[in-house]
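Report on the structure given below.
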Amino acid sequence: MNNKVENVSSVRKQIPVPKIVFEKWIDQEDENGKRVFNKLEDILETKEWKEIYSNYYHFNDNQLNINLSETKEDLENYDIQTQIQELIRCTNDFWYFCVKYVKINHPVFGTIRFMPYIYQNRVIECYNDHRFNILSKFRQGGLTTVSVLWALWKCMFGSGQRIMIVSKTDREAIAAGDMAKTAVEYLPSWLKPETDKFNEHEKQFKTTNSVLWCYTIEACRGKSISILIIDEAAFIPDMKDEWKAIYPVISTGGRCAAISTVNGLGNWYEETYHEAESGKGPFNIINIDYWEHPLYNDPKWIEETKSVLQEDGWAQEVERCFIGSGETWAKADVISNLMKITDNSFPEKFMFEKWKNKNSEKKFKGDEGALWIWKTPISGREYLISADCAEGIGTAGDNSAFQVLDLNTLEQVAEFYSNSIPPHEFALLLHQLGLIYNTAEIVIENNTHGAVVLNILHNEINYENLFYEEGAKNPGVKTTKLTRPKYLQSLQQKLMNGTIKINSKRFVNELNTFIFNVNTKKPEARRGCHDDSIISLAIACYVRDLKHQGFFSATEEKISIFKDKIFEEIKNEIIQSDLDDLFDDNEDLSENDFMNTIYYVDQNVNDKKYIKKNKILQEFGW
Numbered sequence: 000m001n002n003k004v005e006n007v008s009s010v011r012k013q014i015p016v017p018k019i020v021f022e023k024w025i026d027q028e029d030e031n032g033k034r035v036f037n038k039l040e041d042i043l044e045t046k047e048w049k050e051i052y053s054n055y056y057h058f059n060d061n062q063l064n065i066n067l068s069e070t071k072e073d074l075e076n077y078d079i080q081t082q083i084q085e086l087i088r089c090t091n092d093f094w095y096f097c098v099k100y101v102k103i104n105h106p107v108f109g110t111i112r113f114m115p116y117i118y119q120n121r122v123i124e125c126y127n128d129h130r131f132n133i134l135s136k137f138r139q140g141g142l143t144t145v146s147v148l149w150a151l152w153k154c155m156f157g158s159g160q161r162i163m164i165v166s167k168t169d170r171e172a173i174a175a176g177d178m179a180k181t182a183v184e185y186l187p188s189w190l191k192p193e194t195d196k197f198n199e200h201e202k203q204f205k206t207t208n209s210v211l212w213c214y215t216i217e218a219c220r221g222k223s224i225s226i227l228i229i230d231e232a233a234f235i236p237d238m239k240d241e242w243k244a245i246y247p248v249i250s251t252g253g254r255c256a257a258i259s260t261v262n263g264l265g266n267w268y269e270e271t272y273h274e275a276e277s278g279k280g281p282f283n284i285i286n287i288d289y290w291e292h293p294l295y296n297d298p299k300w301i302e303e304t305k306s307v308l309q310e311d312g313w314a315q316e317v318e319r320c321f322i323g324s325g326e327t328w329a330k331a332d333v334i335s336n337l338m339k340i341t342d343n344s345f346p347e348k349f350m351f352e353k354w355k356n357k358n359s360e361k362k363f364k365g366d367e368g369a370l371w372i373w374k375t376p377i378s379g380r381e382y383l384i385s386a387d388c389a390e391g392i393g394t395a396g397d398n399s400a401f402q403v404l405d406l407n408t409l410e411q412v413a414e415f416y417s418n419s420i421p422p423h424e425f426a427l428l429l430h431q432l433g434l435i436y437n438t439a440e441i442v443i444e445n446n447t448h449g450a451v452v453l454n455i456l457h458n459e460i461n462y463e464n465l466f467y468e469e470g471a472k473n474p475g476v477k478t479t480k481l482t483r484p485k486y487l488q489s490l491q492q493k494l495m496n497g498t499i500k501i502n503s504k505r506f507v508n509e510l511n512t513f514i515f516n517v518n519t520k521k522p523e524a525r526r527g528c529h530d531d532s533i534i535s536l537a538i539a540c541y542v543r544d545l546k547h548q549g550f551f552s553a554t555e556e557k558i559s560i561f562k563d564k565i566f567e568e569i570k571n572e573i574i575q576s577d578l579d580d581l582f583d584d585n586e587d588l589s590e591n592d593f594m595n596t597i598y599y600v601d602q603n604v605n606d607k608k609y610i611k612k613n614k615i616l617q618e619f620g621w
């Protein structure tokens, strides 16, 4: 089983879109008919490269020495010694082979050199580093092309390769085979592989004893395959059953890459992707975003494509949203918009790495810790903390999650998400965060695990601001068949009208797989997925609406002492962190005073108070 690694595309950059595609730009001639660039290295000092093309393309040292002015006739006339040197370079460097020798038929620009994008380089690195890869891509991104060329290169220069490229139709299988055929046709004669069979479906390489097949999925049965590439895996019928038959063939050392644009929910590709995202199964995730392509990071292209595909089509085929026709609880345009917002919404602070879901894929660079904080507490501001409690049993279980909601702005200012924190430690953390956020009101679902948390907060720690339902003797909210739809409706309404500010990518990821189940007749997470972040925020929205209707929570005043080692660890991590990142307006404090102070806002006053650490310690019984 592969270890998961961070395969995260860079943050979208606001950079110019090239007026001329790079593959054409490098073939420019001056007024005298001479080539402007003789070698790739000639372009590195140009303004166009520095400002535009370097954001999309990358070349290694071997590639930079390639002579762009050489014709096929020049290549044919290499002497024996040069041929040997070139064979060695091609054997050792896939990208050198591609850039210098491979030609592709572009649908718009005709026959051009194959110039790799940065994201294509990332894909090949993952192919080399991981046995199993699953690619989520936008349409027309050149992922099929680069995969076919990589397979061809492996067969030409690697011994005993048995590679199969699977397409959803025979027509597309033939098209994949034609890509390999075109690449071979443009090679100089001394570089062309010696073949036994070279038709539209099968290419046998005599020298290396390798074979490249291009078929539909049914042809996999009964074949010994070392590398399997599944193109548009989300669109292949009966892929679930086919995978059961194929997997034993490649499980003992073989490799697999499943490439696809998104095609709704419930298919093998979607389920496999989300299993990998949850840390299950052998697949490594590779996400490719449309704006990494030089022709698509363009407002004009975006506008035109949206008008053709409409919101649902744009969300699925370009923005890679797993939505289904009327299946998703949230509308496609809502999910699409939230993906854009959260792409650039980075927490100010990450905390509690030890409780992070260790086996889950990093969603973006810097993703650390179970607690994410976007906005620190503001004096006099009212906050609400809503929690959904789980057992804390590790990767196989649900997550304990809580949301910190600014009741003035309806902004999600902090979020905790962990499948490994036990209920009693979750209670201690809630207590500390509640104090920090101006003694925020805490509302918890009082089910089995929630009841444990509430008991600690209410009876052991004596947190003073717990939410009570109207007329209830005990704190918390009950989730029933009648109340759950009310919670979700409150959140759904705010998502649709844009009155709630979402910052969490974890929340949006859950929305992608939160559907209306036609069998159970209720909204719920797809099999193998989670809804903990959704439920916790839904409860927060419901309670906020109640407060605006005039229902306010009651409080109880109790005094007791609760000592726990983990409580001290929680408190210390908060206190010992960079406090200036957590709290506002502390410039008037000296460094020594600041480090010996914990911030606290009394709920009944508007002014900030700074209570010495020793006073807090006394208050908690230390």
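Going by numbering that gives the first Met the number 0, the sequence shown opens with residue 0, and the numbers climb by one from there.
Where a beta carbon is used, it is the ideal one built from N, C-alpha and C, also for glycine.
In this structure, R543 lies near L406, with their beta-carbon atoms less than 8 Å apart.
Going by C-alpha positions, I42 is about 25 Å away from L148. Close CB contacts of L63 within its chain, under the 6 Å cut and outside five residues either way in sequence, are with L39 and E40 (chain order). Under the three-pair Cβ rule at 8 Å, the segment 132–142 counts as touching the segment 256–270. In the three-state DSSP reduction, P293 falls in the coil class, being neither helix nor strand. N283 is a Cβ neighbour of H129, given a cutoff of 8 Å. Counted as a single uninterrupted DSSP element, the alpha helix (DSSP H) harbouring K99 occupies residues F93 to Y100. Scanning its chain for C-beta atoms nearer than 8 Å, with the 5 sequence neighbours on each side dropped, one finds around L142 the residues Q119, V122, L134, K136, I258 and I287, in chain order. The way I'd put it, the segment 229–236 does touch the segment 267–277; three or more beta-carbon pairs between them come closer than 8 Å.
By the criterion of a C-beta distance shorter than 6 Å, S146 is surrounded in its chain by I228, once the five residues flanking it on both sides are discounted. For Y416, the uninterrupted beta strand (DSSP E) segment begins and ends at E410 to S417.
For secondary structure counted as the alpha helix (DSSP H) over 4 or more consecutive residues, the segment 440–517 holds these complete runs in sequence order: 447–454, 482–496 and 504–511. Just so you know, the alpha carbons of E276 and N59 end up roughly 31 Å apart. The residue from G32, H292, I245 and T482 with its alpha-carbon nearest to that of S223 is I245.
Rounded to whole angstroms, the separation of the alpha carbons of D29 and V35 is 6 Å.
Sequence-distant Cβ neighbours of K299 in its own chain, meaning closer than 8 Å and more than five residues away, do not exist here. About 5 Å separates the CB atoms of A400 and S535; that is less than 8 Å, so the two are in contact. Note on geometry: alpha-carbon atoms of V403 and L429 lie some 10 Å from one another. Y116 sits close to H292, with the two beta carbons spaced by under 8 Å.
Taking C-alpha positions only, R112 is separated from E47 by approximately 19 Å. Fewer than three beta-carbon pairs drawn from the segment 202–221 and the segment 93–100 are found closer than 8 Å, and the two stretches are therefore not classed as touching. Judged by beta-carbon spacing, E444 lies within the 8 Å limit of D387, meaning their Cβ atoms are closer than that value. Cβ atoms of W373 and F513 stay farther apart than 8 Å, at about 22 Å.
Going by DSSP, V307 is part of the alpha helix (DSSP H) stretching over P298 to E316. One thing to note: L383 has its Cβ within 8 Å of the Cβ of A539. As computed with DSSP, T194 is found in a beta bridge with F204. In this structure, P422 lies away from V442, with their beta-carbon atoms at least 8 Å apart. From the listed residues R380, Y416, E381 and K546, the smallest Cα separation to E390 is found for Y416. Annotation: the segment 88–174 contains the following complete segments of the beta strand (DSSP E) (minimum length 3 residues), in chain order: 102–105, 109–112, 131–135 and 161–166. Counting along the chain, F401 sits inside the beta strand (DSSP E) bounded by residues S399 to D405. Counting the other CB atoms within 10 Å of its CB gives F506 a total of 16 or more, which places it among the buried residues. Here DSSP, grouped into helix, strand and coil, assigns R380 to coil. Inter-residue distance for I173 and T341 is about 40 Å (C-alpha atoms, whole angstroms). In the three-state reduction of the DSSP assignment, A329 falls in the coil class. Inter-segment contact for the segment 154–173 and the segment 184–204 is present: three or more beta-carbon pairs are separated by less than 8 Å. For E523, the enclosing beta strand (DSSP E) begins and ends at K521 to A524.
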